[in-house]
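>
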Amino acid sequence: MSHHSELIEQDIEAYLEQHQSKELLRFVAVGSVDDGKSTLIGRLLHDTHGVYEDQLSAVKRASKQADVEIDFSLFTDGLKAEREQGITIDVAYRYFSTEKRKFIIADTPGHVQYTRNMATGASTANVAIILIDARLGVLQQSRRHAYIASLLGIPHLFVCINKMDLVDYDQQRFETIRGEFTEFARRLGFKDVTFIPISALRGHNVVHPAESMRWYSDAGGKTLLAHLETVPIAEDRNLRDMRFPVQYVLRPNLDYRGFAGQIASGRIQCGDEVLVLPSLRTSRVKSIDTFDGSIEEAFAPMSVTLRLEDEVDVSRGDMLVHASERPQVAQDFDAMLVWMSETPLDLGRSYFIKHTAQYVRAEVQEVLSHTDLETLEPTPAGGLELNEIGRVRIRAHRPLFIDSYARNRATGAFIVIDSVTNDTVAAGMIADSVQRGSTSMGDDHTQVSAGERRRRLGHAPALIELAGDPSEMKSLAFAVERVLFDRNYVAISMGPEQAHTPEAAWATIERLLALGAVVVWLTRAHLIGIFSDDPDVVRLGAAYLGFAVFNFNAYAILILGGGILQGMRLPLYAMGVALFRHVFGPLVVLYLLDPVMGFGLPGIYWGIVIIAWIGSAVTLFYLRRELPDLPAAESLTR
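When we follow our numbering, the leftmost residue of the sequence shown carries the number 1205, and every step to the right adds one.
Shown next, in the form of C-alpha cells:
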C-alpha cells in the first residue's frame, strides 16, 4: 500500500504489535441507488493511503476512459456487472487503518432486490453509514435501509448528506434533511444518530475538513473519519452475560481435556464457577489456554480453550455460563426472519437451524406478520419470499440456549438452512418476547415434520372420542371409520384395549396392588412354610408377612411415585419423600415407639408401616396436585 510509517523501517515487530493492538471497527455503507456509497468508500481508502499502488494505477487507467481524473467507486465495484451498470450488487469488503483504529468496510447494494446482500454485510457491523443525496432528500429506500440496520442491532448510525457540492453547500438544505430523518429515526433503536454533510467525490468532510462548509466545522462538526475514529464501541459489547458455546473437545493426551470455542459474550476468569447446559452440572475454571499460553482472564470475542477442575460431561453444542446469568432455554420462540432464498418459506417444513455451535431441526410454524418495506408497518402474511422480512414463530426439535437479539447479538442470532440443498435460506434475530413453550425434548430422530405429514395425507390430524356402552361404541367406531375412509381421510379405529392412557395405566396398577396384597395375606403361612417346618419360624414369618402386606402398597407407591415425580422434572419432591422415608421419619417414629413407649419389635414394625404410608401419602398428594397440569389429549370433532 502507499501507506507509509517510519516505524516500519525502524522496527517491523513493534509496528506489527502496534497494529495488532489497535481496536477494530466494522462499518457498513448503505443507501439508495447512486447516492455515492462506493465513491465514499473509495475516497476513504484513497485519502487514508489504504490502496495498493498497482490497484491505484489500474483505477486511474480505467478512469481515463470515462474522462475523469479518478473514479473512486472503482476501488470497490469489483464485479464486471457492477462496472457495466454502475451499481453495487455483491457485498464488497475493504480494509484500512489509521493511527487510532483498524477498519473493515462493507459496501452493500442499494437496490431492493439485493436486500439479502445488505443484511449479510450489516450483520456484524458496529456502525451503519447511510448516504442521502442532498438533491433528493430522504427517500423510501433510505428509510428501508435504516430500518434493516436497526433490526440487525447496529448501535450507531452516521447519516452522511452527500453531494453537498451540487446544492452549493446550502446549510438550510442540510438542516431540512436532518430534521426529516431525525423524526423518522426516533422510531428505531439506535443509540445515537450523527449527521455529517459531505461531498464524497471532492473529499469534503470525509477525511479532511471542507472550507466550503465552515458553518459545519465552526459549530464543532467533525469529519466522517474523525467520527469513525472516536465513536465508542467498547461499551456496545455484552460483557455481562458470559456465553461460551463449546465448538470442540480437545483431548491430545490422557492428562488434558479442554473445551475450545469463542466467547460469544461476557468475560471469564480462572476460578469462576460455571454451569454446563443442558446437563446443569457445575464446576470451576481450572485454566484458560490460548496459543500463546495460559491467561487469567478472557472476554468476548476471544477464542480460548477452557479446562475445568471436575471431570464433567461436556460435548460440542453445550454451553458454559455463569449460574447467575443463565440464558433462556426454549424450543418455541418468536424471531424476525430476513428471507434470502428464491424458494419461498414452506410453513411446517423441517429446516436446519445453526445457532452458536448447535445444529438442530426446526419448523417455522406460523408467520405472525410481514414487514412492508415501503411503510415499515407489520401486515398479515401467510409466508415469506425472497428479500422479505417477517416475524415468525419457530419450534426447534430440542431446546436452544438463547437470548433476545436486542440483549445479545451472539446468542440471539441464527441462520436457517434448507435440509435438502444445504443452502442458507434466512437470517434470524430472536425477538424479545420468547415463547416459553412445551418442555418436551422433542423427537431428534424423525426427519418428517408434522406439516409435511399433513400435506402428504391431505388433512389435519384429529381425535374422535366416543363415550357410552363399549359394545355399542365399537360398532359405531367402525361405522365412523368407514365414512371417513370413503371421504379420503386416513382413519384408524382404536378400541379400549388400545387406549393406553396414563389414567388407565394407573387404575390397572391400583387393581394389581390390591390383588397382590390380598393374595399375600391369605397365603402368608403357606408361603413361609415353603422355607421352614419349624412352627415358631412359620408363626413369626407369617406375622411379618401380615405386617408387610400393610406396607406392600405403600412401597409400590413410593417407588413408582418417585419415578413419576422425577419424570415430571420434580426431583426435589422425590428427594424430599426419600429423605423422610429413610432419615427423618425413622429417627422420630422409631424412637417414640420403641425406647420411649416400650413397644419393642412390634413397635418397630408398626413404625415402619407409619413411615411408609406417610411417605406414600405425601407422594400421592404431589402426584394428584401435578397430574391435572399435564397436557391431555383433546377431543376433536370434525
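Positions of the beta carbon are idealized from the N, C-alpha and C atoms, including for glycine.
With 16 other CB atoms within 10 Å as the buried threshold, where does D1396 fall?
The residue is exposed, with fewer than 16 neighbouring Cβ atoms inside 10 Å.
> Quick one: measure Cβ to Cβ for L1580 and V1411, integer angstroms, because I've assumed they're closer than 8 angstroms.
No, L1580 and V1411 are not in contact; Cβ-Cβ is about 34 angstroms, not under 8 angstroms.
> Could you tell me whether the Cβ atoms of A1541 and G1594 are closer together than 7 angstroms?
According to the sequence as given, residue 1541 is Leu; it is not Ala. Yes, they are a contact pair.
> Taking the alpha-carbon positions, what's the L1244 to N1366 distance?
Taking the straight line from one Cα to the other gives about 9 angstroms.
> Does the pairing of the region 1519-1526 with the region 1433-1451 give three or more beta-carbon distances under 8 angstroms?
Touching, per the Cβ criterion.
> Would you give the residue range spanned by the alpha helix (DSSP H) that K1241 belongs to?
Unbroken alpha helix (DSSP H) run through K1241: 1241-1251.
> Indicate whether the contact test is met: 3 or more Cβ pairs, each with one atom in the region 1352-1371 and one in the region 1246-1266, closer than 8 angstroms.
Because the criterion of three Cβ pairs below 8 angstroms is not met, the region 1352-1371 and the region 1246-1266 do not touch.
> Quick one, which of A1332, S1267, I1621 has its alpha-carbon nearest Y1563's?
Ranking A1332, S1267, I1621 by Cα distance to Y1563 puts I1621 first.
> So K1304 packs on E1433, CB below 8 angstroms; how close in whole Å?
Indeed, because the Cβ distance is near 4 angstroms, the residues count as touching under 8 angstroms.
> Would you check if the region 1465-1476 and the region 1501-1516 touch, i.e. whether three or more CB-CB distances between them fall below 8 angstroms?
Cβ pair count under 8 angstroms is three or more, so yes.
> Just to confirm before moving on: does the CB-CB distance between S1545 and V1629 stay below 7 angstroms?
Going by C-beta atoms, S1545 is nearer than 7 angstroms to V1629.
> With C-beta atoms as the reference, is L1335 less than 7 angstroms away from K1241?
Yes.
> Compute the Euclidean distance between the alpha carbons of L1510 and V1489, then round it to the nearest angstrom.
Cα-Cα distance, rounded: 7 angstroms.
> Whole angstroms is fine: what's the gap from E1838's alpha carbon to L1512's?
The pLDDT assigned to E1838 is 37, lower than 50, so where the model puts this residue is not dependable; a value taken from the coordinates is nonetheless given after this. Approximately 47 angstroms, taken between the alpha carbons.
> To the nearest angstrom, how far is the alpha carbon of Q1345 from that of E1217?
Their backbone Cα atoms lie some 47 angstroms apart in a straight line.
> Could you give the residue range of the alpha helix (DSSP H) that holds F1388?
Segment 1375-1389, the alpha helix (DSSP H) holding F1388.
> How would you call E1669, buried or exposed, if buried means at least 16 neighbouring beta carbons within 10 angstroms?
Flag for E1669 reads exposed.
> If I1606 and A1718 are in contact, beta carbons under 8 angstroms, what's the gap, nearest whole angstrom?
Actually they do not touch by this definition, with Cβ atoms about 49 angstroms apart.
> How close, in whole Å, do the beta carbons of A1729 and A1746 come, if the pair is a contact with beta carbons under 8 angstroms?
That pair is a contact at about 4 angstroms.
> Apart from the five residues just before and just after I1274, which ones in its own chain have a Cβ nearer than 8 angstroms to its Cβ?
These residues qualify, in order along the chain: H1250, V1263, K1264, S1267.
> With a threshold of 16 other CB atoms inside 10 Å of the CB of D1445, please say whether the residue is buried or exposed.
Counting Cβ neighbours within 10 Å, D1445 comes out buried, since at least 16 surround it.
> What residue range is occupied by the uninterrupted alpha helix (DSSP H) comprising E1433?
It spans 1428-1434 - the alpha helix (DSSP H) in which E1433 sits, taken as one unbroken run.
> According to DSSP, which residues form a beta bridge with C1180?
Lying outside 1205 to 1842, the shown extent of the chain, residue 1180 is not represented and no answer is given.
> Exposed or buried, what is D1311 when buried is set at 16 or more other beta-carbons lying within 10 Å of its beta-carbon?
Under this definition D1311 is a buried residue.
> Using the Cα positions of G1393 and M1417, report the straight-line distance between them to the nearest angstrom.
Between G1393 and M1417, the C-alpha separation is close to 30 angstroms.
> I1352 lies in the alpha helix (DSSP H); which residues open and close that run?
That run of the alpha helix (DSSP H) goes 1344-1355.
> Work out the CA separation of G1424 and P1401 for me, nearest whole Å.
One C-alpha to the other measures close to 13 angstroms.
> So, at 6 angstroms on beta carbons, what are the nonlocal neighbours of K1306 in its own chain, with the 5 sequence-adjacent residues on each side left out?
Closer than 6 angstroms at the Cβ level, and outside the excluded window around K1306, lie K1226, L1228.
> Quick one: measure Cβ to Cβ for L1278 and G1246, integer angstroms, because I've assumed they're closer than 8 angstroms.
Yes, they are in contact, since the Cβ atoms of L1278 and G1246 sit about 7 angstroms apart, within 8 angstroms.
> Between which two residues does the alpha helix (DSSP H) carrying R1418 extend?
Residues 1418-1421.
> Please classify F1825: is it buried, with 16 or more other beta-carbons within 10 angstroms of its beta-carbon, or exposed?
Per the 10 Å Cβ criterion, exposed.
> Buried or exposed: which applies to S1528, given that a residue is buried once 16 or more other Cβ atoms fall within 10 Å of its Cβ?
The residue is exposed, with fewer than 16 neighbouring Cβ atoms inside 10 Å.
> Mapping the DSSP letters down to three states, classify P1739 as helix, strand or coil.
Three-state result, P1739: helix.
> Should S1736 be labelled buried (16 or more other beta-carbon atoms within 10 Å of its own) or exposed?
It counts as exposed.
> Check whether the Cβ atoms of N1330 and R1391 sit closer than 7 angstroms, and answer yes or no.
Their beta carbons are not under 7 angstroms apart, which means N1330 does not touch R1391 by this criterion.
> Distance check for F1399 and R1382, CA to CA, integer angstroms please.
Computed Cα separation, rounded: 7 angstroms.
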